[in-house]
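Input: a single structure, listed below in structure tokens.
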Amino acid sequence: MLGPQVWASVRQGLSRGLCRNVKGRKVDISGIYPPVTTPFTATAEVDYGKLEENLHKLGTVPFKGFVIQGSTGEFPFLTSHERLEVVSRVRQVIPKDKLLIAGSGCESTQATVEMTVSMAQVGADAVMVVTPCYYRGRMSSAALIHHYTKVADLSPIPVVLYSVPANTGLDLPVDAVVTLSQHPNIVGMKDSGGDVTRIGLIVHKTSKQDFQVLAGSVGFLLASYAVGAVGGVCALANVLGAQVCQLERLCLTGQWEAAQKLQHRLIEPNSAVTRRFGIPGLKKTMDWFGYYGGPCRAPLQELTPAEEEALRLDFSSNGWL
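Under my numbering, the sequence shown has 54 at position 72, and the numbering climbs by one with no breaks.
Set out below in structure tokens:
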């Protein structure tokens, strides 16, 4: 059950947040964000010192903000305390003008509401809520609309929908997105599915709402801008952040030929740190590019020598190493 302090925060924040949103001053989530990794020590403890070092280095790149506790942050492997502590530490380090979007999704609606309120208390500007998926066979449009509506009703800060079918086995249905886009406290969506037709359809069907769509990967960032997306949350931005931001600038200024060339060079490295080798591959690459990647938390395993060599080739053959 939600305790008295949590409910008090909900009521206070809801009053502030919905009043702001109803007046049309929703947070603008357009831009490029790195979904920040969670550094661990050799004994699998969260390494807050290395997290701070990475943030200072990422801070030299013109990102709109940072996504914390997304899929790349290994949030399913963290305790609730760790999730909140990581966000709190990040808020203390990054500039106030940088948006902090925190992943607050849990399997139950009640737990998601509690985590969302807590994320607001430790400094998040908005929350990104992944689709609940353990009982995916029962996650109909009606169930997901009910879930997100309840979370958005009780969230003191704006909510971003998050569809990542590669991890959840569940696409947030377009009809559910269209319905939810009408909620005054739901400001947009991160779509990581890679279906540009779907992204374009969502942009089209929500065009009458104050609703923004972010691409969930740099591999289809150019195409997403072409159909109306306003930015991206891109794992590769943890190592090639300046280049991802350059791709954004080329798209926004209509320099499509140059954008296409850059997009082509980013596809293989992006696939390597997402689909092929995932977070272990991304963290290994971070070590190569002057950040701290370090180990993952079990059960994720380190790359084999053969996998590491294949990863290196994907970067070197495109001129990044």
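For each residue, glycine too, the CB sits at the ideal point set by N, CA and C.
Query	Result
Does the stretch 16 to 28 come within contact of the stretch 184 to 195, defined as at least 3 CB pairs closer than 8 Å?	no
Where does Lys132 fall in DSSP's three states?	helix
Given a cut-off of 8 Å, decide if Leu295 and Leu285 are closer than it, judged by their beta-carbon atoms.	no
Is the CB-CB distance between Ser123 and Ala158 below 8 Å?	yes
Which residues does DSSP list as the beta-bridge partners of Leu282?	DSSP, once it has assigned bridges, lists no residue as partnering Leu282.
Taking all protein chains shown into account, decide if Thr179 is buried (16 or more other Cβ within 10 angstroms of its Cβ) or exposed.	exposed
Return the chain-ordered list of same chain residues with a C-beta closer than 7 Å to the C-beta of Phe259, the five sequence neighbours on each side being excluded.	Leu285, Glu289 and Leu293
Using DSSP with H/G/I as helix, E/B as strand and the rest coil, what is Gly309?	The chain is shown only over -17 to 303; residue 309 falls outside these bounds and no answer can be derived.
List the whole-angstrom C-beta distance separating Gly276 from Lys265, where the pair is believed to meet the contact cut-off of C-beta under 8 Å.	6 Å
By how many angstroms is the C-alpha of Ile249 removed from the C-alpha of Gly201?	5 Å
Which one of Cys115, Ala208 and Val72 has the shortest CA to CA distance from Asn36?	Val72
Helix, strand or coil for Gln194 per DSSP?	strand
Whole angstroms are fine: how far does the CA of Met97 sit from the CA of Ser307?	Residue 307 lies beyond the residue range present for the chain, which begins at -17 and ends at 303; the question has no answer from this structure.
Check the DSSP bridge columns for Asp173 and list the partner residues they point to.	Ser145 and Ala197
Note down the Cα distance separating Pro147 from Met110, rounded to an integer number of angstroms.	15 Å
Return the first residue and the last residue of the alpha helix (DSSP H) that Ile50 is part of.	From DSSP, Ile50 is part of no alpha helix (DSSP H) but of the beta strand (DSSP E) over Gly47 to Ile50.
Relative to the C-alpha of Ser53, which residue among Ser298, Cys278 and Gly301 is closest?	Cys278
Considering only residues of the same chain and omitting the five flanking positions on each side of Gln164, which have a CB-CB separation below 7 Å?	Gln191
Checking 8 Å against the spacing of the C-beta atoms, do Leu196 and Ile11 come in under that value?	yes
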